[in-house]
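The structure under discussion appears below in the form of structure tokens.
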Amino acid sequence: MTNDQRPLALITAATVLSALSSAACGPGGTDQNSALVSDLKIKIPESATDINADTSALQSNLHFLLPNDQWRPYAATYYPGETPTQRPLAELTDSAPPPCFPSQRNDAALITRTISDIIQFRNTNMHARRVITIIPDCQPGRTYVQWSLSRPS
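Heads up: the sequence shown runs through residues -23 to -1, 1 to 130, numbered per mature numbering (1 follows the signal peptide of the UniProt record, and there is no 0).
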């Protein structure tokens, strides 16, 4: 590597490390591990895999896979006594989330379950809509869980 290439390599490495530390949370993540996890006021279960986050102008999303038998107690932790709204995924969108592509290609009748609420945003007078979207059997034995948080207002 020449001296001219070193600054670019350092900038690239710093950019990658920054993106990973701000967008991804490890299994069992808590409010201290990520600003998004903290803003959502959730914990990521130890059994979660394929943990990813993304942000757009309208909302931030955190998604992961859980074993099928864990999504109900997990959702009940945040929404006790609530019954998720159920709709076939095909009625909501033309495409499944990427982890669910193989199931969709095999014509699986994926069902989306959602629950939402309004939560206080950080320690401010602003509020944001928090939504959990659950797709059981996204993969064999695995449930897709997505948390979304709207921009606070």
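Just so you know, even glycine gets a beta-carbon here, dropped at the ideal spot from N, CA and C.
- Annotated three-state conformation of Thr110 is strand, per DSSP.
- Closest in alpha carbon position to Ser15, among Ser37, Asp27, Pro74 and Tyr51, is Ser37.
- Between the stretch 93 to 105 and the stretch 116 to 123 there are fewer than three C-beta pairs closer than 8 angstroms, too few to call the two in contact.
- Apart from sequence neighbours up to five positions away, the residues of its chain that approach Leu35 with a beta-carbon distance below 8 angstroms are Ser127 and Arg128, ordered along the chain.
- Here the stretch 89 to 96 lies against the stretch 50 to 68, with 3 or more beta-carbon pairs under 8 angstroms apart.
- Under DSSP, Pro44 forms a beta bridge with Arg119.
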